[in-house]
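Participant: First the structure, then my questions, so here it is.
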Amino acid sequence: MSSNTGHPASTLNKVVLGLQWGDEGKGKVIDLLAGQTDMVVRCQGGANAGHTVVVGGKKTVLHLLPSGVLHSGARCIIGNGVVVDPLALCAEIDELALHGSDPTSRLAVSDRAHLVLPCHKALDAANETRKGDAKVGTTLRGIGPAYADKVARTGIRCGELRDLPAFTSHLRSHLIGVNGLLAALGAPAVDVEGAIDQVLPACRRVAGLVADTASELHQAAAAGKRFLFEGAQGVLLDIDYGTYPFVTSSNTGVGGVICGSGLSHKQLGEVIGVVKAYSTRVGAGPFPVELTGAAHGAKGDDIRRRGAEFGATTGRPRRCGWLDLVAVRFACRLNGVDSIALTKLDILTGEPELPVCVAYELDGARIDTIPSRIEDLARAKPVYEMLPGWSSPLGACRTRESLPTGARTYVEFLERQLSVPIRWIGTGPGREEIIER
Ligand code: IMP
């Protein structure tokens, strides 16, 4: 392993963030970069994420494990900002073991990370049911209730797993409290002893992975190790800057990387934003560019089919639309994005022309940023510029110059609109189907 001693962090460390509503194809980009790093660090989110990596034609979907686990050289850290479901984590480790890979010797889970337990999933479902038509459309992975416990200072942290008897008694009293909340929501109570028995074996296994990851990262930084920070979800799902309340419950941008790893801003290095060549979102909430309704629904269905736009975690069909540069520009500004990885450009092949949303019109005025009020965003109409399409497939293109003219025009238009260079262009699902410069 090489080190970055003597080099500024900015030259060797990398942050990978989704700049839309999640599902931008971060898994592939992280997998590509993980071979050039020493440590891959997850900093926020939980098993709501679904990072798909295709290696040698074999598809692996990772939820909690950092995508670096597919590279035998990388140490993988689940940082304090992640909410850790021990059942999901063990299931994922077992799934990898079935395919001959055991990442546990390279994996550490922060002692400060909060646990997501089945009672959080029960609360997630009960909250959604109670909201009815106004539901967020969460992944039902217990994410919101686990972060709510963290912020309310009633959570249970992974460090507690080091003393299982004390953890068990804390969990018992926690579950009694949860049953009070479930009763208020009109949902069935959790069987307290059954719930404890259900999670203890996985908790025992996760206990063996728990470490003071902040200290480990500080030591690694001092030793000049290179870091890759793996974002989950996307900036438009950020709890502060996303389309609130239709968001996830963590900070999905660079702020979440700092708070959720224990490293300072000085260690962040290059911020790489991942942008899909069109837009998708899962779950509810305003989505100005959505291709829906009698006039546009068929095109939305077509993109969904061609792009296989179904949730990697839940299997839900994703809502599809043209590229929204208002959203991406906002995400770039919020996070100081240095370079962009543009994914799934190949999916747009065959479109005669490509509308790209460059601004919104709101109550007769043209705006170039995302309004904070959800009611305003719901009324915002996309302003499109039309770009030429292309018809020849991109899969074999390995340089920018070899791209069809329409595809090159699309890439160059985005660079001008965003003032950020596009360093990678995804031309197919495989690890090797990418143009890099
Ligand atoms: P939660 O994170 O499960 O609470 O879900 C809140 C919102 O974020 C819902 O609209 C989900 O569909 C969305 N969401 C959460 N994780 C992901 C992801 O990894 N990709 C895309 N959408 C996500």
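For what it's worth, the numbering used here labels the leading residue of the sequence shown as 384, then goes sequentially.
Using N, Cα and C, we set each Cβ at its ideal position, and we do this for glycine too.
1) Residues in its own chain within less than 6 angstroms of ILE817 by CB, not counting five upstream and five downstream?
2) Could you check whether the Cβ of ASN431 sits closer than 6 angstroms to any heavy atom belonging to the ligand IMP?
3) With DSSP collapsed to three states, give me the class of LEU490.
4) Does DSSP put ARG664 in a helix, in a strand, or in coil?
5) Measure the alpha-carbon distance for ILE559 versus CYS502 and round it to whole angstroms.
6) Does DSSP classify TYR743 as helix, strand or coil?
7) Within 10 angstroms of its Cβ, does ALA578 collect 16 or more other Cβ (buried), or is it exposed?
8) Just the Cα atoms here: how many angstroms apart are ASN387 and CYS740?
9) Say the cut is 6 angstroms; is the CB of ASP707 nearer than that to a heavy atom of the ligand IMP?
10) Which one of ALA496, TRP773 and LEU786 has the shortest CA to CA distance from ASP532?
11) Mark HIS648 as exposed unless 16 or more other C-beta atoms lie within 10 angstroms of its C-beta, in which case mark it buried.
12) Quick check: the region 690-710 against the region 399-413, are at least 3 beta-carbon pairs closer than 8 angstroms?
13) For THR596 and SER644, what's the separation of their Cα atoms in angstroms?
14) Between the region 616-626 and the region 503-521, do three or more beta carbon pairs fall short of 8 angstroms?
15) My parser needs the alpha helix (DSSP H) runs of 4 or more residues fully inside the region 725-780; what are they?
16) With a threshold of 6 angstroms, establish whether the CB of THR732 neighbours any heavy atom of the ligand IMP.
17) Am I right that GLU673 and GLY704 are in contact with their C-beta atoms under 8 angstroms? What's the rounded C-beta distance?
18) Apply the 10 Å Cβ neighbour rule to VAL582 and answer buried if 16 or more other Cβ atoms are within range, or exposed otherwise.
19) When you measure from the CB of VAL573 to every non-hydrogen atom of the ligand IMP, does any distance come out below 6 angstroms?
20) Count the other C-beta atoms from every protein chain shown that fall within 10 angstroms of the C-beta of ALA491, then say buried if there are 16 or more, exposed otherwise.
21) Apart from the five residues on each side of it in sequence, which residues of its chain come closer than 7 angstroms, Cβ to Cβ, to ARG701?
22) Just to confirm before moving on: does the CB-CB distance between ALA604 and GLN650 stay below 7 angstroms?
23) Would you report the Cα separation of ASP759 and ASP751, rounded to the nearest angstrom?
Facilitator: Quick answer:
1) TRP807 and GLY809
2) Within the cutoff, so yes.
3) strand
4) For ARG664, the three-state secondary structure derived from DSSP is strand.
5) 10 angstroms
6) strand
7) Buried, since its Cβ has 16 or more Cβ neighbours within 10 Å.
8) Because ASN387 carries a pLDDT of 46, less than 50, the predicted location of this residue cannot be relied on, and the following value inherits that uncertainty. Roughly 40 angstroms between the two C-alpha positions.
9) no
10) ALA496
11) exposed
12) yes
13) 8 angstroms
14) no
15) 757-762
16) no
17) 5 angstroms
18) Counting C-beta atoms within 10 angstroms of its own C-beta, VAL582 has 16 or more neighbours from the protein chains shown and is therefore classed as buried.
19) no
20) Classification for ALA491: buried.
21) So the list reads ASP406, THR663, ARG664, VAL665, ARG687, GLU692, PHE693 and GLY694, once near-sequence residues are dropped.
22) yes
23) 13 angstroms
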